[in-house]
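J.: For what it's worth, the UniProt record's numbering labels the leading residue of the sequence shown as 1, then goes sequentially.
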Amino acid sequence: MRANQGLYLTTWGQPGAGGDQLDLTPAREQLASAHRLAERLSGSATAHRAEALEAHTELQHAGEDAEHTYGNSEQVSAGGDQSSARRASETGGRGETPGLRAPWLHLASPAGITATTPASTHLAQGGALSVSSGEDVNIATGGSLVAAITQRLSLFVQRAGIKLFAARGNVDIHAHTGAIGLAAEKDVTVSSSAGRVEISAASEILLSSGGGYIRIKDGSIDIHAPGAIDVKGAQHAFGGPASTGQSLPDLPEGDDELCSRKNRDASTGGEGLVEE
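#1: Please name the residue or residues paired with residue 117 in a DSSP beta bridge.
#2: Under a three-way DSSP split, which group does residue 82 fall into?
#3: Taking residue 206 as the reference, give the member of 26, 215, 149 with the closest Cα.
#4: Tell me whether the segment 29-45 and the segment 131-150 touch, counting them as touching only if at least three CB pairs, one residue from each stretch, are closer than 8 Å.
#5: Going by DSSP, what residues sit across from residue 155 in a beta bridge?
#6: So, residue 213 versus residue 223, is the Cβ gap smaller than 9 Å?
#7: Name, in chain order, the residues that DSSP records as bridge partners for residue 107.
#8: What did DSSP end up calling residue 222 once you bin it into helix, strand or coil?
#9: Look up residue 16 in the DSSP assignment and give the residues it is bridged to.
#10: Are the segment 105-112 and the segment 23-31 in contact at 8 Å, needing three or more beta carbon pairs?
#11: Using the three-state DSSP reduction, which class does residue 40 fall into: helix, strand or coil?
#12: So for residue 76, helix, strand or coil by DSSP?
#13: DSSP state of residue 33, grouped into three classes?
#14: If you measure between the beta carbons of residue 203 and residue 217, is that distance less than 9 Å?
#15: State buried or exposed for residue 251, treating a residue as buried only when at least 16 other CB atoms are found within 10 Å of its CB.
#16: At a cut of 8 Å, does the segment 226-235 reach the segment 172-188 through at least three beta carbon pairs?
#17: By the 10 Å Cβ neighbour count, where 16 or more other Cβ atoms means buried, how is residue 122 classified, buried or exposed?
#18: Please return the same chain residues whose Cβ sits closer than 6 Å to the Cβ of residue 75, not counting the five positions on each side in sequence.
#19: DSSP state of residue 214, grouped into three classes?
#20: For residue 156 versus residue 61, is the C-beta spacing smaller than 9 Å?
#21: Hey, would you say residue 6 sits closer than 9 Å to residue 145, going by beta carbons?
#22: Check this for me: beta carbons of residue 63 and residue 32, under 9 Å apart or not?
#23: Please report the distance separating the alpha-carbon of residue 195 from that of residue 35.
#24: Could you tell me the alpha carbon to alpha carbon distance between residue 114 and residue 154, rounded to whole angstroms?
#25: Could you pull the DSSP bridge partners for residue 54 from this structure?
#26: Just the C-alpha distance for residue 128 and residue 4, rounded to the nearest angstrom, thanks.
#27: How many Å lie between residue 137 and residue 163 at the Cα?
#28: Can you name the residues that DSSP bridges to residue 209?
#29: What do you get for residue 176, buried or exposed, if any count of 16 or more other CB atoms within 10 angstroms of its CB means buried?
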């Protein structure tokens with residue numbers, strides 16, 4: 001099946017065949033609703049210094065391209081109605097009917113869309129991928145969930161927080177060439193239920209609050225306070241110099257092997273990935 005002017009595959013009915021063949025009103029309204037949701041959440045994300053949803057502009061274009069009309073009748077409103085095709089015939093070919101501005105493939109269904117296979121499924125595109133859902137998005141996998149990203153990863157939650165759990169195994173967070181920032185308006189708690197908490201740094205560790213601070217640097221420990229320093233203990237031992245070794249992780253420096261601009265152009269032309 002080929003349609004070089006666009007294809008609309010739908011299970012939205014038209015009782016009595018009373019509508020236009022390319023009346024994309026249900027699909028267009030769904031696209032507009034998805035774009036409003038993406039635009040609202042994108043604005044909220046940027047207000048909280050998270051990344052914007054840049055791909056939602058392509059979603060807007062999809063809806064705009066579904067508002068095109070064919071014909072030249074001045075009597076028929078843009079978008080057509082159920083009698084526009086009949087009216088065009090009665091007026092000697094004059095009339096308007098809905099169509100597509102670009103050769104999009106639109107799938108629309110009031111009940112839902114499923115795609116199943118006992119084998120694998122592959123989705124590839126040269127441009128952006130935008131996913132909008134008015135309710136939940138659930139992903140269940142019997143194996144691993146692995147993502148490799150060339151540029152950046154940004155996660156933003158508007159209301160209910162973020163949770164990350166590992167029932168078994170470790171949780172590792174690395175920044176191989178940059179810094180890690182952790183900030184909260186309220187308490188920050190670090191605890192180990194059956195082990196220890198270790199903090200180490202190559203150059204300096206600084207703990208500060210209320211103007212007082214403890215600095216560990218170059219083998220020395222500075223304890224300064226604008227007020228009192230209270231030291232209590234059953235025993236106090238002050239001996240000679242002592243030190244302990246520290247082992248810091250060796251972080252790899254990966255090379256950026258993909259050229260994003262050339263890769264995007266190649267994907268648009270149906271070619272493979274392009275390395276720098």
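Every residue gets a Cβ at the ideal spot worked out from N, C-alpha and C, and that includes glycine. Being a predicted model, the structure only gives us computed values, none of them experimental.
T.: Quick look at the numbers:
#1: The residue given as residue 117 occupies position 117 in the sequence shown. Answer is none; residue 117 lacks a bridge partner.
#2: Within the sequence shown, residue 82 is the residue found at index 82, counting from 1. Because residue 82 carries a pLDDT of 49, less than 50, the predicted location of this residue cannot be relied on, and no value is offered for it.
#3: The residue given as residue 206 occupies position 206 in the sequence shown. Nearest option by C-alpha distance: 215.
#4: yes
#5: Counting from 1 along the sequence shown, the entry for residue 155 is found at position 155. Looking at the DSSP assignment, residue 155 forms no beta bridge with any residue, so it has no partner.
#6: Residue mapping note: residue 213 aligns to position 213 of the sequence shown, counting from 1. Residue mapping note: residue 223 aligns to position 223 of the sequence shown, counting from 1. Yes. Within cutoff.
#7: Numbered from its first residue, the sequence shown carries residue 107 at position 107. BP columns for residue 107 point to 9.
#8: As a position in the sequence shown, residue 222 is number 222, starting the count at 1. Residue state, collapsed to three classes: strand.
#9: Taking the first residue of the sequence shown as 1, we reach residue 16 at position 16. DSSP, once it has assigned bridges, lists no residue as partnering residue 16.
#10: yes
#11: Taking the first residue of the sequence shown as position 1, residue 40 is located at position 40. The answer is helix: DSSP assigns residue 40 an H, G or I state.
#12: In the sequence shown, residue 76 corresponds to position 76, counting from 1. With a pLDDT of 45 at residue 76, under the threshold of 50, the predicted position of this residue should be treated as unreliable, though the coordinate-derived value follows. Residue state, collapsed to three classes: coil.
#13: Translated into the one-based positions of the sequence shown, residue 33 becomes position 33. DSSP places residue 33 in helix when its eight states are reduced to three.
#14: For this step, residue 203 is matched to residue 203 along the sequence shown. For this step, residue 217 is matched to residue 217 along the sequence shown. Taking 9 Å as the Cβ cut-off, residue 203 and residue 217 qualify as a contacting pair.
#15: Stepping through the sequence shown from its first residue, residue 251 is reached at position 251. It counts as exposed.
#16: no
#17: On the sequence shown, residue 122 is found 122 positions in, with the first residue counted as 1. Classification for residue 122: exposed.
#18: Residue 75 sits at position 75 when you count from the first residue of the sequence shown. Residue confidence for residue 75 is low, a pLDDT of 47 falling below 50, so the modelled location carries little weight and cannot support an answer.
#19: Sequence index remark: in the sequence shown, residue 214 carries index 214 (1-based). If DSSP states are grouped into helix, strand and coil, residue 214 belongs with the strands.
#20: If you number the sequence shown from 1, residue 156 lands on position 156. If you number the sequence shown from 1, residue 61 lands on position 61. For residue 156 and residue 61, no; Cβs fall outside 9 Å.
#21: In the sequence shown, residue 6 corresponds to position 6, counting from 1. In the sequence shown, residue 145 corresponds to position 145, counting from 1. Taking 9 Å as the Cβ cut-off, residue 6 and residue 145 do not qualify as a contacting pair.
#22: Counting from one through the sequence shown, the residue named residue 63 turns up at place 63. Counting from one through the sequence shown, the residue named residue 32 turns up at place 32. In this structure, residue 32 lies closer than 9 Å to residue 63 by Cβ.
#23: Looking up residue 195 in the sequence shown gives position 195. Looking up residue 35 in the sequence shown gives position 35. One C-alpha to the other measures close to 48 Å.
#24: As a first step, residue 114 is located in the sequence shown; it is residue number 114 there, counting from the start. As a first step, residue 154 is located in the sequence shown; it is residue number 154 there, counting from the start. Taking the straight line joining both Cα atoms gives about 29 Å.
#25: As a first step, residue 54 must be located in the sequence shown, where it is residue number 54. DSSP, once it has assigned bridges, lists no residue as partnering residue 54.
#26: Along the sequence shown, one-based indexing puts residue 128 at 128. Along the sequence shown, one-based indexing puts residue 4 at 4. Residue 128 and residue 4: Cα-Cα distance of roughly 22 Å.
#27: To locate residue 137, count along the sequence shown from 1; it is residue 137. To locate residue 163, count along the sequence shown from 1; it is residue 163. One C-alpha to the other measures close to 15 Å.
#28: Counted from its first residue, the sequence shown places residue 209 at position 209. Residue 209 is bridged to 212.
#29: Indexing the sequence shown from 1 puts residue 176 at position 176. Per the 10 Å Cβ criterion, exposed.
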